[in-house]
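Here is the structure we will look at.
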């Protein structure tokens, strides 16, 4: 975005407010949640109107349960500004967009006691010294996903405005010892992975950030592809585990993909429908019989997702040589709504953090495509 100094504002005070950083606090104002370079950037990233941000800052009213205030007099000092452990990277005048990054070692997602709260066991993807045949229990694999666009979807956005999409995939069960294995599975699955050196993917913490690789990025399309992407990574991990002969073919496997997107969840909540769609040999033969028009279902994304579900569940999985490989005795796949899975059992701002990281990936993709 380029700064426009010729904007016709109602008065000087509004002009000052427009250029001042906006700080988002927790309801009790004890914790800084986010810092934005301007009202406009806060509105874009939070997907709410600028007038609401103005009111919250000027009148002290809560907005979506959060408090807002202005942080300075102008944007000139933003590039090196820090508040309460937050580092600001601003929108600069060359048009390159950067993201406010949490100043936390290794970009660790704030997921307090997630594993304990969900009562899920660790999953060790093809690690030496770890066996998966010691128990009769099924192997349960869970992933949380989110997708975003930049600039955010907005009905007021001028038609033809260029956008980019990004996704985040988090596997809370996979530990640091499996970081290289997860990275290998991700590299096989995606071509545009946000690098760790750019505050992107963090494989030690099982976090993958990727750019949306298809046309017409929208939040719905990004959310849908994030679900597909999680399955691609899981499939690669299971195939490699099977190749090492660790007995996984004798285990039942339960895969759960969690999305906060009502759009994606409504499309994918019925596994029988997904299997029916995935049974089609080609996209041309794919018949969408779900709710709403076929076009809104994004068949160019829904069909490949359905196909991978169908292949995994029916055992039609092939290795690198094109030979069939067995990745489990029986495999079940379900798509759940993140809020239903998490409910109030996880402290902290997990969904806020995971959506923030998806936005980071979208901005990274936006800048990458601009080069």
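In our numbering, the protein residues as written are 963 to 1333. A virtual CB, placed ideally from N, CA and C, is assigned to each residue, including glycine.
message: I need the straight-line Cα distance from residue 1322 to residue 1284, nearest angstrom please.
response: Taking the straight line from one Cα to the other gives about 36 Å.
query: By DSSP, does residue 1277 sit in helix, in strand, or in coil?
result: coil
- request: Mind checking who residue 1110 pairs with in its DSSP beta bridge?
  value: DSSP links residue 1110 through a beta bridge to 1128.
- request: Could you have a look at residue 1214 and say whether DSSP puts it in helix, strand or coil?
  value: Strand at residue 1214.
- prompt: If we cut at 8 Å on Cβ distances, does residue 1231 have a partner in chain B?
  reply: The structure shown contains no chain B; it is built from a single protein chain.
message: Starting from residue 1013, trace the alpha helix (DSSP H) in both directions and tell me its first and last residue.
response: 1012-1021
field: Endpoints, beta strand (DSSP E) assigned at residue 1029
entry: 1029-1032
field: Three-state class that DSSP yields for residue 1320 in the structure shown
entry: Correct three-state label for residue 1320: helix.
- prompt: By Cβ distance, which residues of its chain are closer than 7 Å to residue 1132, with the 5 residues on each side in sequence left out?
  reply: 1071, 1105, 1106, 1168, 1169 and 1316
- prompt: residue 1236 lies in the alpha helix (DSSP H); which residues open and close that run?
  reply: 1233-1240
field: Alpha-carbon spacing of residue 1002 relative to residue 1019, whole angstroms
entry: 13 Å
Alpha helix (DSSP H) segment containing residue 1143, residue limits: 1141-1151
field: Meets three-Cβ-pair contact criterion under 8 Å: the stretch 1143-1153 and the stretch 1233-1247
entry: no
message: Using C-beta distances below 6 Å, list every residue in its chain close to residue 1112, excluding the 5 sequence neighbours before and after it, in chain order.
response: 1126, 1324, 1325 and 1328
- request: Specify the secondary structure class of residue 1298 as computed by DSSP and reduced to three states.
  value: strand
message: Taking its Cβ as the centre, do 16 or more other Cβ atoms sit within 10 Å of residue 1302, making it buried, or is it exposed?
response: exposed
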